[in-house]
Structure formats: structure tokens, C-alpha cells
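For reference, the structure is listed below as C-alpha cells.
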Ligand SMILES: [Fe+2]
Ligand SMILES: [Fe+2]
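So this is what it looks like as C-alpha cells:
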């Protein structure tokens, strides 16, 4: 029996993440066109802050998709809906108030998608929860944006209907609502640093694979074992190749020829072992034995990277170089994941 590397639940979450990215692009372009159409200074300032958050959150979403490790396509209905909404938002049929209503609905949907992915991850596996942690920031900010938009709707709606200004307590109420969200979410929402360095990104991958090994150890259900191993197979292949493309060549000069070569050799050994496990039946006792062997090799390798290689990076690279390496590493992973999908 050949282990399939795709799992329906994991693919469904990947597709939801891809939907979120489509919607995020639409949110950004809406905010740009709404700003151009609106003369109210106060509302423009709020939109401009929201736009800044949304552009930053686009980067976080992309990071989450790469960490998640399964590439998905947005649903065709999502793409159609985005196209239709974009036309409506740029057209002249809707009043400004009505355009903000559309925008608020999209924000609501985006908040719910983020929360839904979070809840689904809790059901499917700890490795997914680890991969999507940065999404917490996006969810939290979307929730706050919704409150802001409710305030905007009240101001614009009263103005359009009556030609008069709405009661002045609106923004104070919005402020209170946002404080309440912060109070509730404050302890569970971790604001992630947008500028992760290369050690942070590599460490996140290592923690995820460690969790996956733990998940295999904790189950005897062949289907679950197959699902978790499928994810390990994908993640480890992509992670190792991205290290060989970006990280190892960059550290070779100061980490040393021998130590760097050792890392390449260990990864070659992992690859052979992974391919041999992939051709075995996940129901056989041998499968788990070999996975344990793989775990030992991987964890030895991880310890070397996180101790001596990380120390060499810390001592020889500027903060800017470390962040640049992280960006290149994530881009390489994203590309490798696409090749993986193409190969099937
Ligand atoms: Fe490695
Ligand atoms: Fe690594």
C-alpha cells in the first residue's frame, strides 16, 4: 500500500486559507477605493489605519499558508463573488453607505473564516494549531475593524437619510466595544512579530514536525498515521530543500565546510528513509518502527541546527540579514510546495 500524501480535511482547510487570501485582496482594494470616495476626515483616518493593518495581515496570511504546508486553491464561487463585489464597489449604483455595508459584510465573513480555521485546527491536529498561530492577530484585528465599520455605517447612514449628523456618542461607543474585545481576547491573542528572523521560521518548522511525530506515536489508527506521515513527508521535504537552497549556502563560509556538509548528508539520509516509509503500509508495526528511526535522525539534526548553526548565524549575520534570509526561505518553501502539488 502506498501512502497517499493528501488528506481531505487538510485540503479543505488549505482551500479556506486560499479563500481568505482572495478576500483579503478585495478588502485592501475596497479600502483604497473607499478612501478615494470619502471626504470625511475622521472616516478616512480610520480607513487608512485599517488599510495598514490589512496590508500587514496579508503578509501574515501568506506566512500562515506556507507554515501550514498544504497548498490549496480558492473556491470558484469565492472568485466569482470577489469579481462581482469588486465591480459593485467600483461602480456608481451603490451609495457610499451601501458600499460600506458590503465592506462590513466582507469583514464579518473574513473574521468568521479565521475563527473557523482556528476551530477546525483544534479538531484536526496540534500541528495545524501550531502552524496557524499567527492567524490570531489577523482574527483579532478583523474583529476590531468590524466595530469601527459599524460606527462608520451609523455616521454615513444618518447623513444619507436625513442630511444631519448622527449623535456624537458613536465613536466613544466604538472605542468601548473595541476595549471589550481586547479585554476578552487579550489573554489568548498573541501578537506575532511580523519581522521573523530565519531562526524563528526554522524553529517553527521544527516544532511542527516534532508535534507530528508525537501525533503518530499517540495513535494506532492506520488512517491517522497515514495522514500525519503524509504531512511529515511534505513538510520535511520542503523544509530540507529550502534549507539547501537558501540557508546552508549562506552559512557555509562561517559555519564551516565540515559541519555544513554533515547537515546535507543527514538530510540525504532522511530523504531515503522517508521514501522507503512512504512505500510501506501504515498498518504494519514496521511502519511505526521506521518512523521512530526517522524521528531520531531528524531530532539529532534539529539539535545541531538549533545549537551550533543558530549560534553561528547569531554571531555572523546582522538583524537585517537574518530577516532577509527568513523572507527568502519562506519564498523558497512556497515555491517548493507548489512543485509538490504539481507532482501530486
Ligand atoms: Fe535541516
Ligand atoms: Fe531544519
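Numbering (this note's numbering), first residue to last: 13 to 356. Glycine included, C-beta positions come from ideal geometry on N, C-alpha and C.
Residue 289 beta carbon near ligand 2 (any heavy atom closer than 7 Å): no
For residue 214 and residue 204, the rounded distance between their alpha carbons: Residue confidence for residue 204 is low, a pLDDT of 48 falling below 50, so the modelled location carries little weight; the figure read from the coordinates is stated next. Computed Cα separation, rounded: 16 Å.
Own chain residues within Cβ distance below 6 Å of residue 240, not counting five before or after: 224, 227 and 228
Reduced DSSP secondary structure (H/G/I, E/B, other) of residue 207: coil
Per-residue DSSP class, three states only, for residue 332: helix
Whole runs of the alpha helix (DSSP H) within the stretch 37 to 122, excluding any shorter than 4 residues: 53 to 80 and 88 to 102
contact_flag[the stretch 71 to 88, the stretch 25 to 33] where n(CB pairs < 8 Å) is 3 or more: yes
Contact test: residue 217 Cβ vs ligand 2 heavy atom, cutoff 7 Å: yes
Distance cut-off 7 Å: residue 214 Cβ against heavy atoms of ligand 2: yes
Residue 371 versus residue 185: straight-line alpha-carbon distance, rounded: The question about residue 371 has no answer, for the chain in this structure spans 13 to 356.
Cβ-based burial, residue 341 [other Cβ within 10 Å; buried from 16]: buried
Proximity to residue 254 [Cα-Cα], best of 265, 267 and 279: 279
Exposure of residue 262, with buried meaning 16 or more beta-carbon neighbours within 10 Å: buried
Touching by the beta-carbon criterion (3+ pairs, under 8 Å), the stretch 120 to 135 and the stretch 29 to 39: yes
DSSP-derived helix/strand/coil call for residue 261: helix
Helix, strand or coil at residue 274 according to DSSP, with G and I counted as helix: helix
CB contact flag (residue 113, residue 39, <8 Å): no
Where residue 174 falls, given that 16 or more other Cβ within 10 Å makes a residue buried: exposed
Beta-carbon proximity check, residue 59 vs residue 47, cutoff 8 Å: yes
C-beta atoms of residue 80 and residue 143 nearer than 8 Å: yes
Beta strand (DSSP E) runs contained entirely in the stretch 155 to 193, provided each spans 3 or more residues: none
Neighbour-count burial assignment, residue 69, 16 or more Cβ in a 10 Å radius: buried
Length of the line joining the Cα atoms of residue 132 and residue 167: 37 Å
Option nearest residue 317 by Cα separation, candidates 242, 73 and 219: 219
Sub-8 Å separation of residue 337 and residue 250 beta-carbons: no
Which of helix, strand or coil DSSP assigns to residue 145: coil
Under 8 Å between C-beta atoms of residue 345 and residue 209: no
Reference residue 321, options 176, 292, 269 and 352, closest by Cα: 269
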